[in-house]
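**Q** Count the sequence shown with UniProt numbering and you get residues 1 to 237, in order. Okay, here's the structure, questions in a sec.
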Amino acid sequence: MSDSDPVKGKYAAFFRGCPVEAELLLSDIDSERIFDSIADALTETGYIVLPAALPLGISDALFTRIASFEDDVFRPAGVGRAAEFQLNPFVRNDEIRWLSSGDEVEAQYLAWMEKLRVGLNRRLFMGLFDYECHFARYMPGAFYKKHVDAFKGRTNRVLSTVFYLNPNWAVDDGGHLVMYEDSVEPIAKISPLMGTLVVFLSDRFPHEVTTASRLRYSIAGWFRVNTNLGPHIDPPQ
């Protein structure tokens, strides 16, 4: 990885103290092949489900991280952004905690997503400039009703990601991600299996999380574009 690498620059403090294996991971040719697959799928269908996109070591570390949090680390998830934010347990009742590059484990995930951002911009010229994500914890009985992550022309979120952290998940455990497009019939029903990554266009696919019967963990994230034509960067929306 060269000194001019955008990922290394953004996470320089992390790389100064991280194991050599983490830096080798970010330059691994396998990541480029995965980015090729994601770019192709976004062009052809608008979404992709990858059963093992990230290295097992990162998945395991993220699971250990989220499973170790005390209850007061999480806050109830809401709907809407900024002034429109509100809690609505009839729509969703999961709990969240935003990721930060200040933690080494979380920084590895954010760095991989930064590589993906650069890779997709190079392949598809999407203009992605930022990524935000949070841990999500669904207690038994939790759900998230059908919704879209972005309305066309009304948000700067353009590409959604979901990464699952649930070892030994069974079909009967529920908590599926159900995706729709132009009909009432789902186009995909995805089990939240450990290490599975889902990437999809934010304004194209309504989706829901069915009721989970056991504790369910994930990381939900969004790549954003800057819709501000002036010198200022868009705030999160």
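Ideal Cβ positions, reconstructed from N, Cα and C, are used throughout, including at glycine.
Could you work out which residue in LYS115, LEU201, LEU99 and LEU54 is closest to GLU181 when comparing CA atoms only?
**A** Here residue 181 refers to the residue found at position 181 when the sequence shown is read from its first residue. Looking at the Cα atoms, LEU201 is the closest of the given residues.
**Q** Give a yes or no on whether the C-beta atoms belonging to residue 260 and ILE48 are separated by under 8 Å.
**A** Within the shown structure, residues of the chain are numbered from 1 to 237, placing residue 260 beyond reach of any answer.
**Q** Just grab the DSSP bridge partners of ARG92 for me.
**A** Taking the first residue of the sequence shown as 1, we reach residue 92 at position 92. Note: ARG92 sits in a beta bridge opposite TYR144.
**Q** What's the gap between the Cα of VAL184 and the Cα of VAL118?
**A** If you number the sequence shown from 1, residue 184 lands on position 184. If you number the sequence shown from 1, residue 118 lands on position 118. So the alpha carbons of these two residues sit roughly 35 Å apart.
**Q** Measure from the alpha carbon of ARG157 to the alpha carbon of each residue in PHE223, ALA61 and ALA77, then state which is nearest.
**A** Numbered from 1 along the sequence shown, position 157 holds the residue referred to as residue 157. Measuring from the Cα of ARG157, the nearest candidate turns out to be PHE223.
**Q** How is TYR180 classed by DSSP in three states: helix, strand or coil?
**A** Counted from its first residue, the sequence shown places residue 180 at position 180. Coil.
**Q** Pick from LEU159, ALA170 and VAL198: whose alpha carbon is nearest that of LEU177?
**A** For this step, residue 177 is matched to residue 177 along the sequence shown. Relative to LEU177, the option among LEU159, ALA170 and VAL198 whose CA is nearest is VAL198.
**Q** Please classify GLU106: is it buried, with 16 or more other beta-carbons within 10 angstroms of its beta-carbon, or exposed?
**A** Residue numbering aside, residue 106 sits at position 106 when the sequence shown is read from its first letter. The residue in question, GLU106, is buried, as its Cβ has 16 or more Cβ neighbours within 10 Å.
**Q** Using a Cβ-Cβ cutoff of less than 6 Å, which residues in the same chain neighbour SER160 once the five nearest sequence positions on both sides are dropped?
**A** Along the sequence shown, one-based indexing puts residue 160 at 160. Closer than 6 Å at Cβ, skipping near neighbours: ASP149, PHE200, SER202 and TRP222.
**Q** Going along the chain, which residues of its own chain have a beta-carbon closer than 6 Å to the beta-carbon of VAL73, five neighbours each way excluded?
**A** In the sequence shown, the residue the question calls residue 73 occupies position 73. So the qualifying residues of the chain are ARG97.
**Q** Could you give the DSSP three-state label for SER191: helix, strand or coil?
**A** Start at 1 with the first residue of the sequence shown, and residue 191 comes out as number 191. It is coil, neither helix nor strand.
**Q** Quick one, which of PHE35, VAL162 and ALA77 has its alpha-carbon nearest GLY195's?
**A** Within the sequence shown, the letter at position 195 stands for residue 195. The shortest Cα separation from GLY195 among PHE35, VAL162 and ALA77 belongs to VAL162.
**Q** Please classify GLU114: is it buried, with 16 or more other beta-carbons within 10 angstroms of its beta-carbon, or exposed?
**A** The sequence position of residue 114 within the sequence shown is 114, counting from 1. When all chains shown are included, GLU114 counts as buried.
**Q** To which residues of the same chain is LEU25 closer than 7 Å at the C-beta, ignoring the five residues directly before and after it?
**A** Position 25 of the sequence shown, counted from the start, is the residue given in the question as residue 25. Below a pLDDT of 50, predicted positions are generally treated as unreliable, and LEU25, at 49, falls in that range; the measurement from the model is reported next regardless. For LEU25, where only same-chain residues beyond five positions count, the Cβ hits under 7 Å are PRO55.
**Q** Please name the residue or residues paired with SER160 in a DSSP beta bridge.
**A** On the sequence shown, residue 160 is found 160 positions in, with the first residue counted as 1. Answer is PHE200 and TRP222.
**Q** Buried or exposed: ASP71, going by 16 or more other Cβ atoms within 10 Å of its Cβ?
**A** Counted from its first residue, the sequence shown places residue 71 at position 71. Exposed, because fewer than 16 other Cβ atoms sit within 10 Å of the Cβ of ASP71.
**Q** If you scan the region 95 to 141 from start to end, which runs of the alpha helix (DSSP H) of 4 or more residues do you find wholly inside it?
**A** You should have 104 to 124.
**Q** Is the CB-CB distance between ALA39 and LEU124 below 8 Å?
**A** Indexing the sequence shown from 1 puts residue 39 at position 39. Indexing the sequence shown from 1 puts residue 124 at position 124. With respect to the 8 Å criterion, ALA39 and LEU124 are classified as neighbours on the basis of their beta carbons.
**Q** Applying the 10 Å Cβ sphere with the 16-neighbour rule, what's the burial state of ALA170?
**A** Here the question's residue 170 lines up with position 170 in the sequence shown. When all chains shown are included, ALA170 counts as exposed.
**Q** Pull up the DSSP beta-bridge partners for ALA212, would you.
**A** For this step, residue 212 is matched to residue 212 along the sequence shown. Paired residues: GLY174.
**Q** Quick one: residues in its chain with C-beta nearer than 7 Å to the C-beta of LYS10, no 5 flanking neighbours on either side, listed in chain order?
**A** Here residue 10 refers to the residue found at position 10 of the sequence shown. Legend: pLDDT at LYS10 = 46, less than 50; position of this residue unreliable, no value from coordinates given.
**Q** Given a threshold of 16 other Cβ atoms within 10 Å of its Cβ, counted over all protein chains shown, does PHE135 qualify as buried or as exposed?
**A** Mapped onto the sequence shown, residue 135 falls at position 135. By the neighbour-count rule (16 or more Cβ atoms within 10 Å), PHE135 is buried.
**Q** Which residues mark the beginning and the end of the beta strand (DSSP E) in which LEU50 is found?
**A** Stepping through the sequence shown from its first residue, residue 50 is reached at position 50. For LEU50, the enclosing beta strand (DSSP E) has its first and last residue at 47 to 50.
**Q** Skipping 5 residues on each side, what residues in its chain have a beta carbon closer than 6 Å to that of ARG214?
**A** In the sequence shown, residue 214 corresponds to position 214, counting from 1. Taken in chain order, the residues that qualify are PRO140 and ASP173.
**Q** Between LEU99 and LEU110, how many whole angstroms is the CB-CB distance? I'm expecting something under 8 Å.
**A** What you label residue 99 is simply residue 99 of the sequence shown in a count that begins at 1. What you label residue 110 is simply residue 110 of the sequence shown in a count that begins at 1. Confirmed, Cβ separation roughly 6 Å.
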